[in-house]
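Worksheet: one structure, shown below.
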Amino acid sequence: MKRATAKAMAAGAAMLALASPARPEIQPERTGVPLPAANAAPVPEDIPVALLVDLTNGQILFEREADRRFMPASVTKVMTVYTAFKLIDAGQLRLDMPFRYTQELEDAWYAEGSNMFLRANDRPTIAQLLLGITTVSGNDASVAMAVAAAGSLDRWLELMNENAAELGMQNTHFGSPNGYPDGGQTYTSARDLALLGEAVTQRYPALYHRFFGHRTLTWGDITQGNHDPVTGRVPGADGLKTGFTNEAGYTFLGSARRGDTRLVMVLAGSPTARERDTAARALLEWGFEAFDRRTIVPAGAKVARARVQDGAEDAVPLEPASDVVVALPRGMRPDRYALELTYRGPVEAPVAKGQPVARLRLSIDGRPTLDLPLEAGEAVPRANPLQRVVNAVESWLT
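Using this note's numbering, the letters of the sequence shown correspond one by one to residues 701 to 1098.
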């Protein structure tokens, strides 16, 4: 494993004045670090699970037990909505398609937990069911969506779990479309929910803005309010979903955007709704206000060189595909963070331009907080016979 020289690390750390963030997706392997006590996130200790992610680069601003499994309760419905969005985007489901709600579904789900209060022979469209799920957390609307879109609950659950696997949700399984207690078949983690929150907001932004963030919904003669604690209360907040069961406690998957910065947050296991809601609002505000976002390495900058084996050149320059934008705690001295280059080498030729070769890791106070790919800045073809002889002699001499 090769590492960057101190000179290369210092050169990267010096590039602090530039701006223009890029927005790669969260990667499951990235790890975060709680900030020092002087800049600590406002999450009470009796909320056991918490996570705050900056989607600008996937940097984790705060985490507590992010991989701990828990029951998501109604936050499960975000995967039901994501699954519907994916089918709509693929042209396999129409927003104006009506669905006849059956007597069997009414008998099973009318007034069973949070409800849209659908009745037998009602004919809601897919769009109306989505609003029933996102705005009033309808258990009935979620089951209706499953049957309308997939023909059966079992097939819908297969789609939900396939989507979870595709998103890299390694600690997640869905046994229901709505999070209603199912004997522990439905579980997830904060890190997995952050991946789901990113996918909903980033892959289907038009559908997200159409169906999330509504404050009330009227169906028939019943008007209900949205329990989302941040939308309309925190500037830039626009979703996503609360959850509660006696077994799960109070949970929230939320998101907000200001300018080019979008945050996704998760709280789980809160003992009360008030504590969850207060912490959710405070955590989002902290995520925007407690950090300076800076470009420390611009796109195309040659960060370092990686050795190449059997190549026409003995090394290849490394560069990020996009600006490396990081969130640094406000007021942090430059000597409290460092950049480190790692790769498995030497890299075997031929090397294509743009080929992922190495990783650039940001550490704050000696603890890794962000890990991003570096690409080959130019192509290196395989060495010809004469070049191989020269390489062999140079290798022998060194």
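All residues carry an ideal CB built from backbone N, CA and C; glycine is no exception.
Which partner residues of residue i appear in the DSSP bridge assignment?
| i | result |
| --- | --- |
| Leu1074 | Ala1058 |
| Gln1009 | Glu1048 |
| Gln759 | Asp754 |
| Gly925 | Thr916 |
| Tyr782 | For Tyr782, which the question treats as bridged, DSSP gives no partner whatsoever. |
| Arg1082 | Gly1011 |
| Ala968 | Val749 |
| Glu985 | Bridge partners of Glu985: none, in fact. |
| Asp992 | Leu1028 |
| Arg962 | Arg957 |
| Phe770 | Thr888 |
For residue i, name the three-state secondary structure that DSSP assigns.
| i | result |
| --- | --- |
| Glu812 | coil |
| Arg1067 | strand |
| Pro1034 | helix |
| Val775 | helix |
| Lys1053 | coil |
| Gly897 | helix |
| Gly884 | coil |
| Ala865 | helix |
| Tyr908 | helix |
| Asp746 | coil |
| Arg957 | strand |
| Ala1004 | strand |
| Ala999 | coil |
| Thr951 | strand |
| Arg974 | helix |
| Arg764 | strand |
| Asp938 | strand |
Buried or exposed, going by whether 16 or more other CB atoms sit within 10 Å of the CB of residue i?
| i | result |
| --- | --- |
| Ala937 | buried |
| Asn757 | buried |
| Gln759 | buried |
| Pro742 | exposed |
| Ala808 | exposed |
| Thr916 | exposed |
| Asn1084 | exposed |
| Asp921 | exposed |
| Asn946 | exposed |
| Leu853 | exposed |
| Ala766 | buried |
| Asn821 | exposed |
| Glu763 | buried |
| Pro877 | buried |
| Thr1144 | Beyond the ends of the chain as shown, which are 701 and 1098, falls residue 1144; an answer cannot be given. |
| Ala750 | buried |
| Gln870 | exposed |
| Pro905 | exposed |
| Gly1054 | exposed |
| Pro1020 | buried |
| Gly969 | buried |
| Thr918 | exposed |
| Ala1049 | buried |
Thinking C-beta only, is residue j closer than 8 Å to residue i?
| i | j | result |
| --- | --- | --- |
| Gly1077 | Leu1018 | yes |
| Tyr1043 | Ala1006 | yes |
| Val836 | Gln902 | no |
| Ala849 | Ala956 | no |
| Leu953 | Gly897 | yes |
| Val1080 | Gly1011 | yes |
| Pro656 | Ala980 | Absent from the model: residue 656. The displayed extent of the chain is 701 to 1098, so no value can be given. |
| Gly943 | Pro744 | no |
| Val1047 | Glu1075 | no |
| Ser842 | Thr888 | no |
| Tyr801 | Ala844 | yes |
| His873 | Asn863 | no |
| Gly875 | Leu859 | no |
| Arg941 | Lys786 | The sequence shown places Lys at residue 941, rather than the Arg named in the question. Their beta carbons are not under 8 Å apart, which means Lys941 does not touch Lys786 by this criterion. |
| Val1026 | Leu1070 | yes |
| Arg770 | Leu831 | The amino acid at residue 770 is misidentified as Arg; the sequence shows Phe. Cβ distance not < 8 Å, so Phe770 and Leu831 don't count as in contact. |
| Arg648 | Pro798 | Past the boundaries of the shown model lies residue 648; the chain is included only from 701 to 1098, so the question cannot be answered. |
| Ala827 | Leu795 | yes |
| Glu812 | Asn839 | yes |
| Ala899 | Tyr782 | yes |
| Val1016 | Val1051 | yes |
| Leu1072 | Val1024 | yes |
| Glu975 | Ile747 | yes |
| Pro1029 | Ala990 | yes |
| Leu755 | Leu761 | no |
| Gly868 | Ser774 | no |
Q: Within the stretch 790-854, note down every full alpha helix (DSSP H) run reaching 4 residues or more, in order along the chain.
A: 803-809, 826-836, 839-850
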